[in-house]
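Trainee: Using the working numbering, the first residue of the sequence shown is number 101, and each one after it goes up by one.
Take this structure first; my questions come after.
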Amino acid sequence: MILLTDSKNFEKQFLRLLENYAKYYWLTAWASSKSKSFEKLVQNKHKIEKIVVGIHFYQTHPDFIETFLETEKVKYIKQPEGTFHPKLFLFYNNDKDWELIIGSANFTNAAFTLNTEISSLIKSTDFNASEILTQVFNIINSTWVESKNFD
Numbered sequence: 101m102i103l104l105t106d107s108k109n110f111e112k113q114f115l116r117l118l119e120n121y122a123k124y125y126w127l128t129a130w131a132s133s134k135s136k137s138f139e140k141l142v143q144n145k146h147k148i149e150k151i152v153v154g155i156h157f158y159q160t161h162p163d164f165i166e167t168f169l170e171t172e173k174v175k176y177i178k179q180p181e182g183t184f185h186p187k188l189f190l191f192y193n194n195d196k197d198w199e200l201i202i203g204s205a206n207f208t209n210a211a212f213t214l215n216t217e218i219s220s221l222i223k224s225t226d227f228n229a230s231e232i233l234t235q236v237f238n239i240i241n242s243t244w245v246e247s248k249n250f251d
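This is how it looks when you write it as structure tokens:
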């Protein structure tokens, strides 16, 4: 496990993961469009399996929504009670080859450039990794059922 404590390293790791993994499963409270990671995501949108983005407080940028409007594998959620606030980014090849970023950073330009964020980078080779992967997929799948596509 690696602790990511600055935006430059967070962005560097995120770009590496976008490049090196075949499937993306994410939950993020907010998303924006003005970052290198966004550009790389657009280039690799065929790798998206399930992405759920929150729309509370109008923090998810309309450009992000518009870019993925026709993509059924990107959904949105607004919890009727509380705030949808996870930051979970699973990059996956198979059950023995994956990496997970979980922490304070959303998928926003500010997280990649300006904000003070702290996240953990967990690898499939880390202690307790198979149990973590099972829990992550359970959370992603249950959230996926609750989320909706824009029409």
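From the three backbone atoms N, C-alpha and C, an ideal C-beta is built for every residue, glycine too.
No experiment lies behind these values; they were computed from the predicted model shown.
Just confirm the distance between the C-beta atoms of Phe114 and Ser137, as a whole number of angstroms; I'd bet it's less than 8 angstroms.
Mentor: 5 angstroms
Trainee: Alpha carbons only, please: which of Asp106, Phe184, Asn120, Tyr121 is nearest the one belonging to Trp244?
Mentor: Phe184
Trainee: Check for me: the alpha helix (DSSP H) holding Asp163 runs from which residue to which?
Mentor: 162 to 167
Trainee: Under 7 angstroms between the Cβ atoms of Phe110 and Leu117?
Mentor: No. Outside cutoff.
Trainee: Tell me whether the stretch 221 to 236 and the stretch 149 to 159 touch, counting them as touching only if at least three CB pairs, one residue from each stretch, are closer than 8 angstroms.
Mentor: no
Trainee: Using 8 angstroms for Cβ pairs, my map puts Phe207 next to Thr128. What's the rounded Cβ distance?
Mentor: Phe207 to Thr128, Cβ: 5 angstroms. Contact.
Trainee: Going by Cα to Cα distance, which pick from Lys178, Ser204, Phe189, Phe168 is closest to Glu217?
Mentor: Ser204
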